[in-house]
Amino acid sequence: MKLCVAVLLFYMFQVIHGQPDYQGFISIDCGIPLNSTYQDSITNIVYVSDYGFITTGENRIISSDYMEPSLAKRYSNLRFFPHGPRNCYTLRSLVMGNKYLVRASFYYGNYDGLGKPPVFDLYLGTNYWHEVNYSDAGAFNWMDIILVVPTDYLQVCLVNKGMGNPFISGLDLRPLNTTLYPEVNASQSLVLVNSNRFHMGPTDNSIIRYPSDPLDRIWTTYNAIPNCTKISATSPMHNNLRDVYDVPPSVMQNAATVNSSRIDFSWNPSDPSANINSKYFFIFYFAELQHVPSKAVRQFDIIVNNKTWNSRPYTPTFLFANYFSGVVQGMENYSVSLVATKNATLPPILNAMEMYLVKPITAVATDPEDGMDLVMQY
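Reading the sequence shown from the start, the letters are residues -18 to -1, 1 to 360 in mature numbering (1 follows the signal peptide of the UniProt record, and there is no 0).
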């Protein structure tokens, strides 16, 4: 017992002073008092105050009208920035050249009584990440970026653009194995737009994250496939994508299917920063979850905007994950179709998917005292 307490105290000391914890996690609850820490009751992640990471801004509690019993503690308060055009958090003691997931979380909750969420920009250092523009005062929102850091620190900055005071509810950093998301490198990052990382679990809007996903990605339920049925694994799933996307078994153990020969849905980026040159990276995950009778065949094509992504008819493997991925560009709306082949006797299935905005990055050397900055091109 004493050892556990000692480990927890060491953990808290490290993160309070701007250091990642023993897993490499940095988990910040923005707006709680100096030196405050607590353990989340669902994830068991220890959250700390943001005082070790920023010196500007003011703490506020959200309106009581938005306080609900199910509200996670980190969303009951926030830090807002009424002064200065730019306010930055500094995340230190990173490993230069390593890959990280950074997440900024926002819950307005009408903390200022204005009933109008602000619109502002997120930057990494002096370089553009994405606009924060959410109209629903009672919605939880977050934005992820997966990138390779060119220095041993990273600055996340909130920039006022004259449309209300910027604010933030939480800031998280998670280390990733260098083999994961091979599309991410020193010259390219992936930005998760509008929380588009989905699993096909029950229609109860359940969220999968740490510890079910050791990387603490947030997977939300996708309910936009018309007339779909949900099926579940009858046996434990195998995680065979550890070196690529490491999608956890808890995400893959459910799938959506239909009572017809095709699954059709569309995806709109709803991205204020998008233009005709914007590139998006899609990943679709598949696994057979049920024993298929000997004479039955589940076989289909993966078609995105009328282009077939598979070179030959695809049959999911029983309890083993597989994926198809690709880059799309130049459209306001993207159509996805999973179409059964003429030999199929069973309909298509879909287990999970991710949609990212592709952001080129260039590491640019500056003054030696400043190290290197990230330059986002868009």
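Ideal Cβ positions, reconstructed from N, Cα and C, are used throughout, including at glycine. Only a predicted model underlies this, so the values are computations on that prediction, with no experimental measurement involved.
Length of the line joining the Cα atoms of S171 and S276: 44 Å
Three-state secondary structure assigned by DSSP to D11: strand
Cβ separation of L106 and Q137, assumed to be a contact under 8 Å, to the nearest whole Å: 7 Å
Proximity to F300 [Cα-Cα], best of S307, N288 and M219: M219
DSSP-derived helix/strand/coil call for D198: coil
Residue from D283, Y163, S58 and I24 whose Cα sits closest to the Cα of P193: I24
DSSP bridge partner residues for Y296 (one or two, in chain order): F282
Best match in Y90, T72 and M49 for proximity to L60 [C-alpha to C-alpha]: Y90
Start-to-end residues for the alpha helix (DSSP H) that takes in M234: P231 to M234
Whole-angstrom C-beta distance between F88 and S123, which should lie under 8 Å: In the sequence on display, residue 123 carries Asn and not Ser. That pair is a contact at about 5 Å.
As assigned by DSSP and simplified to three states, the class of residue 383: In the structure as shown, the chain begins at -18 and stops at 360. Residue 383 is therefore absent and cannot be evaluated.
Residue range of the beta strand (DSSP E) that includes I127: N123 to V130
Close Cβ partners of D22 (< 8 Å) along its chain, the five nearest in sequence each way excluded: V28, Y29, A54, K55 and R56
Where L96 falls, given that 16 or more other Cβ within 10 Å makes a residue buried: exposed
CA nearest to the CA of D134, picked from P251, M78, S9 and W201: M78
Euclidean distance between Cα positions of F302 and C12: 39 Å
Coarse secondary structure for S117, derived from DSSP in three states: coil
Exposed unless 16 or more other CB atoms sit within 10 angstroms - verdict on H273: exposed
Helix, strand or coil at S248 [DSSP, three-state]: strand
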